[in-house]
Structure formats: C-alpha cells, structure tokens
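Visitor: So that we are looking at the same thing, I have put the structure below in structure tokens.
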Amino acid sequence: MTVRKDGKTWTADFYEDGRSGRRVRKKGFATKSAAQRYEADYFNTLNQTGRPLDDRLLDLVQVWYDLHGCSLKDEKARLARTQAVVERLGNPRASQFDSLAWARYRQARLKDVSPHTVNHEQRYLSAVFSELIRLGAWIGTNPLANIRQIKTDQTELSFLTLEQVGQLLSECRKSTNNHTYPVALICLAAGARWDEAESLTRSAIYGGKVHFHRTKNGKSRSVPIPPEVEAEAFKVGMPGGGRLFMSCRAAFRGAYERCGFNTPGQLTHILRHTFASHYMMGGGDILSLQRILGHSSIAMTMRYAHLSPDHLESALRFSPLAQSGFSRASIT
886 MTVRKDGKTW TADFYEDGRS GRRVRKKGFA TKSAAQRYEA DYFNTLNQTG
936 RPLDDRLLDL VQVWYDLHGC SLKDEKARLA RTQAVVERLG NPRASQFDSL
986 AWARYRQARL KDVSPHTVNH EQRYLSAVFS ELIRLGAWIG TNPLANIRQI
1036 KTDQTELSFL TLEQVGQLLS ECRKSTNNHT YPVALICLAA GARWDEAESL
1086 TRSAIYGGKV HFHRTKNGKS RSVPIPPEVE AEAFKVGMPG GGRLFMSCRA
1136 AFRGAYERCG FNTPGQLTHI LRHTFASHYM MGGGDILSLQ RILGHSSIAM
1186 TMRYAHLSPD HLESALRFSP LAQSGFSRAS IT
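Quick note, the sequence shown lines up with residues 886 to 1217 if you use the numbering used here.
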C-alpha cells in the first residue's frame, strides 16, 4: 500500500493497474490506517463492481437508475430530481462526499426552499447509496445514513366548503375541455388523485364503482360512485379501450383560478383533501377512509381525524372542570 505523511495528515497515492494505470491521490486522512483502508476499499470496489470508489456522484446515480431506479413508477422524474441535487452539490467524487458536505449543502439550500423539500432531497440521495449497497454495487458506506432529517410542522390541509365545491364544478362545466367536469366529479366522489381519475379507462368503471389500478403505492382499490357520476363520465368520455379522458389538468387549473380560492400549494390534491375532510365531518370512520384513499399507513389518514364530530369529545366529559361540576352558571 502506498501511503505517505504530508504534514499532520496522511495521503493515499497509488495506481489502479501499475504505473501504466490511472493514478489516484486522496489527501487529508487523520491516520495512516485510514489512508490504507481507503486504498483497500478502492480496490475491493473496483474488483467486485468494475467501478472505482472515486466515481462521481452522477455516475453512481446512473448506476442506481440502471439497476433499480428504472423500475420505479416515477422513474424519469425521480432520476431528474436526484441528478439535480447532485449537480447543485457540484457532482463531487463519491468517496469524498460525506455527512458534513451534505450538512453544508442543506444549510445553503434552506435559504431557497422549505425543510420539507430538503428532506425529500436527502431521501432521494440516501436511497441511491442504500440500494447500491444492497445490490453489491457500492462497497463504501452510505454517508447520509446517520443524518437526521429536519423536523417540520405538520402541514395544515386546506379543503373547499360545499359552496366552494359548487362554484368550482360550475367553472369546470364551462371549461372548453369537456373532460374537466367528469374528472373533477370522480375526484370528489371517490377521493381520487387527479392523475388517477384522469388516466382511467372505460373498463375501470363498472358495477357502480370506479376501480383504480397502478396507483401511487401499487395497490388497487375500488370505490363506489353515484350513478350520475358514472353516466357523466361515459357521456363525454372517449370511445375505445384506451384512456377515457384526455389530459385536462391545465383546464382544471384555469377553472380553479377563476374561482379565486386561496389554497397555496394544494391545487393538485385539493379535491382529494376536500373529499376526505367532508367524509370525516359527515361522520365517516377513519379506517374506511384509509381504504378509500388507498393510504398504506393509517398515519397518513389520521391527518383528517380531527374533523370528526366526536373527535376527542371525551375531553368534555373527563376534564377537571367537568368532574368538578364546573358549568356556565359558575362563571356568572
């Protein structure tokens, strides 16, 4: 092993394949053994995966995509987001990227975006290392494995009042894209995501239910809908076995903006939130709502629990005021 001391630190300095091969130099190791360990890890990675330990991060992201990322539902978007993170990091060598580099990036990034966005970026990049380690394509460690995510407050979910729902549907009816109205109806009737409703086929609506497949979490679900909604969908939907509706997200955005509602950042899921909120306010149970929405975790659905009429109602009966006989008469 070729290591040498430079002042107070150690440097690993070696060739991949003798003097005719590529020279690798990495400085700044605190101890001789750390420099030797780096060289050993480098050659282990090269021998086992055919890729050197000092690949650039973008190279690792591409390997991750080829071996795993390409199988994800949102493969192209996920790849683009992860690559964008690496480019903002300056595309460092993977062996030189560590938790401190991420912490510094995060500190600077928070000046432009929310903690929620930075947490997502951390998960994307951490997943690259974790998956490559599982596949045996990366011999090093995951530099983000022990970094805690930023704690964030739970986002308050906006929803439309019944009056606003009527106003929005009226605007959707006026849209030049006549598929906007039935797609909005399906979202409000079944708590669907806009993409789920928009991409339905004619064969996915039958028996008084709408059947969602290829969903966000990969699980199919079926939700009853009113016959009027089914009739409206078939009346204006496209014939044949393909998609029932053409793309109408932009038309919906236009209708929503004409209403003048103030729900920043929630346009995409506003109809889904509105369904869930009114379902709970109307007395629906949380477990049924979880199945309707297709949440894999009840924790996601619990965001709507406080809207139930009897949510934590026991506080009225068992508080110290109630048990001590406190009443309105006690105030006067």
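Built from N, CA and C at the ideal position, the CB exists for glycine as well.
Are the stretch 942-955 and the stretch 965-973 touching, with three or more C-beta to C-beta distances below 8 Å?
Guide: Between the stretch 942-955 and the stretch 965-973, the count of C-beta pairs closer than 8 Å reaches three or more; the two stretches touch.
Visitor: What residues match up with P1109 in a beta bridge as DSSP calls it?
Guide: K1094
Visitor: Whole angstroms are fine: how far does the CA of E1006 sit from the CA of P1194?
Guide: 38 Å
Visitor: Which whole-angstrom value describes the C-beta separation of I1155 and S1043, a residue pair presumed to lie in contact below a C-beta threshold of 8 Å?
Guide: 7 Å
Visitor: On the premise that F1130 lies in contact with H1064, defined as a C-beta separation below 8 Å, what is that separation, rounded to the nearest angstrom?
Guide: That belief holds up - the Cβ atoms of H1064 and F1130 are roughly 4 Å apart, short of 8 Å.
Visitor: Measure the C-alpha to C-alpha separation of R1143 and P1112 and round it to an integer number of angstroms.
Guide: Rounded to whole angstroms, the separation of the alpha carbons of P1112 and R1143 is 29 Å.
Visitor: Below 8 Å on the Cβ atoms is my contact criterion, and I expect A1136 with T1061 to pass it. Report the Cβ-Cβ distance as a whole number of Å.
Guide: Right, their Cβ atoms sit about 7 Å apart.
Visitor: What would DSSP say about K911, mapped onto helix, strand or coil?
Guide: strand
Visitor: Rounded to whole angstroms, what's the CA-CA distance from V1114 to L1070? Just pull it up for me.
Guide: 6 Å
Visitor: Which one of K917, A897 and L1054 has the shortest CA to CA distance from E924?
Guide: A897
Visitor: When you compare the CB of I1071 with every CB in chain C, is at least one pair closer than 8 Å?
Guide: Within the model displayed, chain C is absent; a lone protein chain is all it includes.
Visitor: Quick one: give me the first and last residue of the beta strand (DSSP E) that K1036 is part of.
Guide: Careful: K1036 lies outside any beta strand (DSSP E) and carries neither H nor E.
Visitor: Of all the options G1168, E1117 and S1204, which has the alpha carbon lying nearest to the alpha carbon of A1190?
Guide: Closest by alpha carbon: G1168.
Visitor: Would I1110 and K1120 qualify as a contact pair, given that the criterion is a beta-carbon distance under 8 Å?
Guide: no
Visitor: Please list, in chain order, all residues of the same chain as Q992 whose beta carbon is under 8 Å from its beta carbon, the five residues on each side excluded.
Guide: none
Visitor: Look up F899 in the DSSP assignment and say whether it is helix, strand or coil.
Guide: strand
Visitor: Thinking C-alpha only, which one of A988, G1126, F1097 and H1001 is nearest N1031?
Guide: A988
Visitor: Would DSSP call R963 helix, strand or coil?
Guide: Three-state DSSP puts R963 in a helix.
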